[in-house]
Amino acid sequence: MHMDTLYHYCSSSAFYAIIQNRSIWLSSMQQSNDANEGKFAIEVITNWGKEDGLSEKLVDDIKNYLKTGTDSVGCLGFCLSEHGDRLSQWRGYADDGKGFSIGFSRTYLESLCSPKSDPIEKLWLKKILYEFDQHRSELSSLYSEIKRAAGRGIFRHGEELQKIILSEDPSDKTIFREYANLVGKLVISSPHLYTLKSSSFSEESEWRLLTSQTGSEVRHRLVNNQIVPYCEISLLGIGSPITEIILGPKQQSPVEVVQDFLKENKFGNALVRRSSATYR
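Everything in the sequence shown is counted per this note's numbering, starting at 1 for the first residue and increasing by one.
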């Protein structure tokens, strides 16, 4: 494994599309195969609130707010791993070993994450965090905002929020302003909610390229009878985005043919090799 390389496991058809189109697609994290995407972070925050002595009703209100917020804001992601030739990942993410592992330059991916004036449009390359202390450190800023809002009674007004929005009462306007600020914080924090996973997944050594689902470049496609939002990121421009291609243990394409396909699409500098895993 090259220290500057992060690997994306995929099916043969996904590999073909990435190379031919010279782009990657960040897809909805909520509609991924993992039903716990985003929910794990909510559990971390609500458990933290319980430990801090918040009432059961208040914790439930916070949980409902976070669930509603993450469902409406959403997050798009592209998953990678530090390991490019792991049998468990071939089985789970590359069509049972018949697909490919694409090695992306980490330096190139980081260059895509340049600062933007609008944080909603920003890309983030984030290492997935698996440990308890890391989870709390990642969410500490958002949790502090939530706890501060709870102390000011914001969550007690959940069902009355529509009335508060239309009210001319100065105290109601203050409540709404506080709530709006918290919503803004959640929008900005949305990608960070998808960087936390249980320690049982730690062997995947996962990274993610993430962005908010509310950005202006979001499109939609049909996947398995679902309408799924996505954002296309071009791999054209300066630098070498793809450094290595590993053929899965069940992938039968000749290495030379894959090399020619890469050259045809201006990725000819990438190293091509077969997996060292034995799997039939």
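Cβ coordinates follow ideal geometry from the N, Cα and C atoms, glycine included.
Inter-residue spacing [alpha-carbon to alpha-carbon] between residue i and residue j
i, j, result
"Val218", "Ser190", "15 Å"
"Phe176", "Lys185", "14 Å"
"Gly97", "Trp90", "5 Å"
"Asn224", "Asp172", "45 Å"
"Glu204", "Asp60", "32 Å"
"Glu82", "Asn64", "35 Å"
"His2", "Ile242", "Any reading at His2 is ruled out, since the residue's pLDDT is 45, under 50, leaving its predicted position unreliable."
"Thr174", "Ser105", "47 Å"
"His135", "His192", "10 Å"
"Glu206", "Phe40", "16 Å"
"Leu332", "Ile146", "Past the boundaries of the shown model lies residue 332; the chain is included only from 1 to 280, so the question cannot be answered."
"Val222", "Ser276", "Per the sequence presented here, residue 222 reads as Leu, with Val not at that position. Cα to Cα, Leu222 sits roughly 35 Å from Ser276."
"Gln20", "Asn265", "6 Å"
"Leu142", "Leu76", "20 Å"
"Asp260", "Lys50", "58 Å"
"Val255", "Ile18", "18 Å"
"Leu58", "Asn47", "12 Å"
"Ser144", "Asp52", "12 Å"
"Cys231", "Glu121", "11 Å"
"Glu178", "Ile154", "7 Å"
"Leu66", "Ile188", "13 Å"
"Ser199", "Leu80", "17 Å"
"Ser32", "Pro170", "43 Å"
"Glu56", "Lys263", "60 Å"
"Glu168", "Arg148", "24 Å"
"Pro115", "Glu244", "28 Å"
"His220", "Asp34", "20 Å"
Whole-Å CB distance - residue i paired with residue j, under 8 Å assumed
i, j, result
"Leu139", "Phe78", "Not a contact, Cβ separation roughly 22 Å."
"Ala150", "Ile42", "The Cβ separation is near 15 Å, so there is no contact."
"Ser202", "Tyr93", "No, Ser202 and Tyr93 are not in contact; Cβ-Cβ is about 16 Å, not under 8 Å."
"Lys126", "Thr70", "Rounded, the Cβ-Cβ distance is 16 Å, inconsistent with contact."
"Gln251", "Ser12", "7 Å"
Residue from the options with nearest C-alpha to residue i
i, options, result
"Arg208", "Leu186, Leu109, Glu244 and Ile245", "Leu109"
"Arg274", "Leu87, Cys75, Asn64 and Ile18", "Leu87"
"Phe15", "Leu247, Asn36 and Lys127", "Leu247"
"Thr5", "Leu271, Ser276 and Arg280", "Leu271"
"Arg152", "Asn181, Pro115, Ser167 and Glu168", "Asn181"
"Ser137", "Ile45, Val257 and Asp34", "Ile45"
"Ser72", "Val183, Pro170, Pro115 and Ser114", "Val183"
Assigned exposure category for residue i - 16 Cβ within 10 Å defines buried
i, result
"Thr278", "exposed"
"Asp95", "buried"
"Glu37", "buried"
"Gly103", "buried"
"Lys197", "buried"
"Pro288", "Only positions 1 to 280 of the chain appear in this structure, which leaves residue 288 out of reach."
"Gly99", "buried"
"Thr68", "exposed"
"Phe132", "exposed"
"Val257", "exposed"
Contact set for residue i: own chain, Cβ-Cβ below 8 Å, skip 5 residues either direction
i, result
"Ile233", "Ser23, Ile24, Trp25, Leu26, Phe78, Leu112, Leu123 and Leu209"
"Gly74", "Ser28, Met29, Gln30, Ser190, Ser212, Gln213, Thr214 and Pro229"
"Arg280", "Pro249 and Lys250"
Own chain residues within Cβ distance below 6 Å of residue i, not counting five before or after
i, result
"Ser101", "Tyr7, Tyr9, Gly84 and Ile246"
"Gly239", "Tyr108"
"Phe267", "Ile242"
"Asn282", "This structure does not reach residue 282, given that the chain is present from 1 up to 280, and the question cannot be answered."
Residue i CB to nearest heavy atom of the ligand SAM below 7 Å
i, result
"Trp124", "Judged by which ligands are present, the structure shown has none, so any question about the ligand SAM falls away."
Cutoff 7 Å; reference residue i; Cβ partners in own chain excluding five residues on either side
i, result
"Ser253", "Leu247"
"Leu236", "Arg22"
"Ile128", "Thr195, Lys197, Glu206, Trp207 and Arg208"
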